[in-house]
């Protein structure tokens, strides 16, 4: 039973690694679309990103269930599998089983790190774009408008004094 669970666990980690690599590619596409200001592409990429994150979350739930089952096989306390690190798990294995699992875990760690780096870059670019847009909108505000308060995000809010007239009767 232990060997069967380990094979399933290894395949699951490999699938998680593939999903993480796909997510890194999607985040790179998102970054490229942001640089081109291609809104339709950003929307398509965003939808794909959401779908991948959902798949990763589902697979992670299966990972936790398998870890619980393995902990149960090893007669560990209830819930110990969910808190077990990969180092703790591989320490319980021997020989080829451990080496194979360590290899898959290393690939998954690298893939998750790539996603984290790419996502950090996307976040910086998005923050800079929003900051630039705030600056642009603030610079076109009429000079005679005085600040009247703050919005929920801390931005200064003014009450417009200039009216907009209707051109279409």
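Residue numbers (the numbering used here): 11 to 179.
Even glycine gets a Cβ: it sits at the ideal position worked out from N, Cα and C.
Treat the numbers as computed from the prediction; the structure is a model and nothing was measured.
**Message:** Closest to residue 15 by C-alpha separation, out of 91, 63 and 142, would be which residue?
**Reply:** That would be 91, whose Cα lies nearest to the Cα of residue 15.
**Message:** Can you tell me whether residue 89 is helix, strand or coil according to DSSP?
**Reply:** Look at residue 89 here: in three-state DSSP terms it is coil, with no helix or strand label.
**Item:** Cβ neighbour criterion (16 or more within 10 Å) applied to residue 59
**Value:** So residue 59 counts as buried.
**Prompt:** Hey, how far is the Cα of residue 43 from the Cα of residue 135?
**Reply:** Annotation: residue 43 to residue 135 spans about 11 Å, alpha carbon to alpha carbon.
**Test item: CB-CB of residue 121 and residue 52 under 7 Å** = Contact annotation: residue 121 and residue 52 have beta-carbon atoms that are not nearer than 7 Å.
**Span of the alpha helix (DSSP H), counted from its first residue to its last, around residue 83** = Looking at the DSSP string, the run of the alpha helix (DSSP H) that includes residue 83 is 49–83.
**Request:** List the endpoints of the continuous alpha helix (DSSP H) containing residue 115.
**Result:** For residue 115, the enclosing alpha helix (DSSP H) covers residues 105–149.
**Prompt:** Is the Cβ-Cβ distance between residue 41 and residue 132 less than 7 Å?
**Reply:** If you check the CB distance, residue 41 and residue 132 come in under 7 Å.
**Item:** For residue 100, the three-state DSSP class (helix, strand or coil)
**Value:** DSSP places residue 100 in helix when its eight states are reduced to three.
**Item:** Simplified DSSP assignment, three categories, for residue 180
**Value:** Lying outside 11 to 179, the shown extent of the chain, residue 180 is not represented and no answer is given.
**Item:** Cα-Cα separation, residue 62 to residue 18
**Value:** Those two C-alpha atoms are separated by around 21 Å.
**Asked** Are there 16 or more other CB atoms within 10 angstroms of the CB of residue 125, so buried, or fewer, so exposed?
**Response** Buried, by the Cβ-count rule.
**Prompt:** Cα-Cα, which of 162, 96, 82 and 27 is closest to residue 67?
**Reply:** Among 162, 96, 82 and 27, the Cα nearest to that of residue 67 belongs to 27.
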